[in-house]
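Going from the sequence shown to this note's numbering is simple: count from 1 and add 80.
We put the beta carbon where it would ideally sit given N, CA and C, even for glycine.
Scroll down for the structure; my scribbles are underneath it.
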Amino acid sequence: MKLDVIKLDGKKAGNIELDADLFGLEPRADILHRVVRWQRNNAQAGTHKVKTRSEVSYSTKKIYRQKGTGGARHGARSAPIFRGGGVYKGPVVRSHGHDLPKKFRKLGLRHALSAKMAAGELVVIEDAASEGKTAALAKQVANLGWKRALVIDGATVNEEFARAAANIEGLDILPTMGANVYDILKRDTLVITKAGVEALEARLK
């Protein structure tokens with residue numbers, strides 16, 4: 081499957097043959113959902129914590145006698161039923177992450193690339209090179225119509241391009257090894273350099 085290659089100024093720079101195993105799959109929402117859920121769960125801090133009955137600062141003295149009051153039996157004010165008492169089965173510090181096989185993660189990335197291709201939201205550019213000037217790059221991006229775009233470069237990112245893109249809202253750039261399903265799906269346009277296409281094909285084979 082072929083796709084036109086363009087330059088940042090919008091001019092054509094030939095075409096490129098894309099691997100159907102990466103860009104020609106029928107996107108499956110269940111696979112993409114599982115991979116995104118794995119990513120987001122691993123990113124969750126899990127530092128939420130409440131105090132249990134044994135941790136709140138209260139006297140352990142029995143608040144009133146066991147019998148004869150006509151009320152319920154209580155041993156201390158730290159009981160969850162009282163205001164300021166401990167919390168019953170509240171959140172504790174823990175990891176929300178779970179395992180996902182490496183092959184499945186690769187499959188999810190292939191389906192994400194295919195989803196962008198099927199939606200017509202994939203653009204291949206010759207290279208991500210810039211003079212490091214934000215104004216010049218912002219003008220090029222506006223002319224190309226990219227509102228929320230992710231640029232995937234080769235093994236390394238052009239430093240001047242990254243510096244120029246840093247102050248442009250809605251434009252992000254990642255090296256090939258940083259490409260992931262969540263970042264690809266949440267952008268309106270996926271932009272890949274020719275070097276990025278070659279590196280992705282090598283990574284996902």
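Quick check: is the beta carbon of His176 nearer than 8 Å to any beta carbon in chain C? In the structure shown, chain C does not exist; there is a single protein chain.
Check whether the region 190-197 touches the region 158-168, taking contact to mean three or more Cβ pairs, one atom from each stretch, closer than 8 Å. no
Are there three or more Cβ pairs, one per stretch, closer than 8 Å when the region 92-105 is compared with the region 114-122? no
Leu180 to Gly155 span [Cα, whole Å]: 47 Å
What span of residues does the beta strand (DSSP E) with Gly94 cover, start to end? 92-97
The region 139-149 in contact with the region 215-227 per 3-pair CB rule at 8 Å: no
Considering only the beta carbon of each residue, do Gly188 and Val261 sit closer than 8 Å? yes
Within its chain, find whatever has a CB closer than 7 Å to the CB of Gly212; leave out the 5 residues flanking it on each side and keep chain order. Glu240, Arg243, Ala244
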